[in-house]
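**Q**
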Amino acid sequence: MADLAGRELVVNGVRLHVVEAGPVDGPLVVLLHGFPEFWRAWERQIGPLARAGFRVVAPDLRGYDLSEKPPGVPAYRLSRLREDVAALIHALGYERAHVVGHDWGGIIAWALAIRQPEVVDRLVILNAPHPAAARRMLRMPRQWLRSWYILFFQLPWLPERFLLRSGRKMLRGTNPAAYTPHDRELYQRAWEQPGAATAMINYYRALPRFGNVKENEVRVPTLVLWGERDVALLPELADGLERWVPDLRVVRFPRASHWVMRDEPVRVNNLLLGFLSI
Numbered sequence: 001m002a003d004l005a006g007r008e009l010v011v012n013g014v015r016l017h018v019v020e021a022g023p024v025d026g027p028l029v030v031l032l033h034g035f036p037e038f039w040r041a042w043e044r045q046i047g048p049l050a051r052a053g054f055r056v057v058a059p060d061l062r063g064y065d066l067s068e069k070p071p072g073v074p075a076y077r078l079s080r081l082r083e084d085v086a087a088l089i090h091a092l093g094y095e096r097a098h099v100v101g102h103d104w105g106g107i108i109a110w111a112l113a114i115r116q117p118e119v120v121d122r123l124v125i126l127n128a129p130h131p132a133a134a135r136r137m138l139r140m141p142r143q144w145l146r147s148w149y150i151l152f153f154q155l156p157w158l159p160e161r162f163l164l165r166s167g168r169k170m171l172r173g174t175n176p177a178a179y180t181p182h183d184r185e186l187y188q189r190a191w192e193q194p195g196a197a198t199a200m201i202n203y204y205r206a207l208p209r210f211g212n213v214k215e216n217e218v219r220v221p222t223l224v225l226w227g228e229r230d231v232a233l234l235p236e237l238a239d240g241l242e243r244w245v246p247d248l249r250v251v252r253f254p255r256a257s258h259w260v261m262r263d264e265p266v267r268v269n270n271l272l273l274g275f276l277s278i
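Numbering follows the UniProt record's numbering, with no gaps: position 16 of the sequence shown is 16.
#1: Which one or two residues does DSSP pair with GLY227 in a beta bridge?
#2: How is the beta strand (DSSP E) around PRO117 delimited, first residue to last?
#3: How far does the alpha helix (DSSP H) with ARG165 in it reach, from first residue to last?
#4: Can you tell me whether DSSP reads ALA177 as helix, strand or coil?
#5: Grab me the residues of ARG267's own chain with a C-beta within less than 6 angstroms of its C-beta, minus the 5 sequence neighbours each way, in chain order.
#6: Considering Cα atoms alone, identify which of GLY47, VAL29, VAL14 is closest to LEU61.
#7: If you measure between the beta carbons of LEU233 and VAL260, is that distance less than 7 angstroms?
#8: Is the distance from the Cβ of LEU223 to the Cβ of VAL119 below 7 angstroms?
#9: If you draw a straight line from the C-alpha of GLY274 to the C-alpha of PRO23, how long is it?
#10: I think ILE201 touches PRO235, with their Cβ atoms under 8 angstroms apart; what is that distance to the nearest whole Å?
#11: How big is the Cα-Cα spacing for GLU264 and ALA178?
#12: According to DSSP, ILE125 sits in a beta bridge with which residue or residues?
#13: Between the alpha carbons of PHE253 and GLU228, how many angstroms are there, rounded?
#14: When the Cβ atoms of the region 175 to 193 are set against those of the region 30 to 39, are three or more pairs found closer than 8 angstroms?
#15: Can you grab the Cα-Cα spacing for the pair GLN193 / GLU68, in whole Å?
#16: Considering only residues of the region 6 to 84, which uninterrupted alpha helix (DSSP H) runs meet the minimum length of 4 residues and lie entirely inside it, listed in chain order?
#17: From LEU126 to LEU9, what distance separates their C-alpha atoms?
#18: Identify every residue that forms a DSSP beta bridge with LEU138.
#19: Does the beta-carbon of GLU20 have 16 or more other beta-carbons within 10 angstroms, so that it is buried, or is it exposed?
#20: Three Cβ pairs or more, each shorter than 8 angstroms: is that satisfied between the region 98 to 110 and the region 67 to 86?
#21: Going by beta-carbon coordinates alone, are HIS98 and ASP121 separated by less than 7 angstroms?
#22: Put LEU241 into one of helix, strand or coil per three-state DSSP.
#23: Mind reading off the beta-carbon distance from TRP144 to LEU164? Whole number of angstroms is fine, and I expect it under 8 angstroms.
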């Protein structure tokens with residue numbers, strides 16, 4: 001990785017820990033991690049992007065690792081999560097940024113591009129469903145079989161216990177080097193931060209409460225990268241997105257898992273650099 005600097009910013013009423021690299025006057029790239037990770041999800045992307053001249057900022061999303069963990073499920077509604085990112089972009093001194101999101105970070109990135117397109121320059125999504133595509137696929141039993149954990153996460157206290165005891169098993173890509181034992185130890189420490197496990201699960205507990213998104217169109221150039229060996233999300237979730245995303249490119253990774261940026265970092269990095277440098 002490039003030389004990293006960590007600091008804390010208060011945005012949208014919440015204190016976020018962020019890691020930065022690259023020239024302070026470069027085009028801004030914000031990297032949004034998913035569940036159950038934190039900023040280190042992007043440790044193989046930060047350096048190449050920074051060396052290419054981008055100012056790279058990877059926050060711990062609210063509730064994760066060193067960021068603040070507001071109490072209560074309503075604090076993790078999608079509207080608040082996307083407002084965090086918009087406020088972060090402005091706090092860094094920019095009107096807009098390239099936004100890259102994986103998993104929950106991708107869900108937030110989709111929502112930001114739909115609701116606040118004025119703050120998004122280019123959008124990159126890695127294995128995170130567009131909201132309209134997700135609603136379409138959730139009518140299919142095959143996707144519900146893969147999404148069983150969403151219902152499990154609605155339970156009190158038990159999901160937190162599961163995460164702390166067995167979360168390391170989720171971090172398993174198709175590339176044996178995707179997650180080392182040291183990586184898993186760092187993630188375990190992040191989950192054991194006071195209040196972190198409940199905050200992370202609260203993302204899912206808040207999920208049924210944000211309702212349907214009435215508008216689905218994404219009006220910014222978009223790149224979707226999809227690992228097709230995702231055990232949680234069907235490959236069909238990347239099909240037919242042109243209906244809602246006119247300026248779209250989809251790249252599939254037949255041998256990659258949900259953790260596509262860990263399984264195939266070189267190819268992902270080349271695609272990111274090519275797309276964001278246009």
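Ideal placement from N, C-alpha and C gives every residue a C-beta, glycine not left out.
**A** So, from the listed chains and residues:
#1: PHE253
#2: It is not in any beta strand (DSSP E) - PRO117 carries neither H nor E in the DSSP assignment.
#3: 158 to 166
#4: coil
#5: none
#6: VAL14
#7: no
#8: no
#9: 19 angstroms
#10: Wrong, their Cβ atoms sit about 27 angstroms apart, outside the cutoff.
#11: 8 angstroms
#12: GLY101, VAL224
#13: 6 angstroms
#14: yes
#15: 10 angstroms
#16: 43 to 51
#17: 26 angstroms
#18: Looking at the DSSP assignment, LEU138 forms no beta bridge with any residue, so it has no partner.
#19: buried
#20: yes
#21: yes
#22: helix
#23: TRP144 to LEU164, Cβ: 26 angstroms. No contact.
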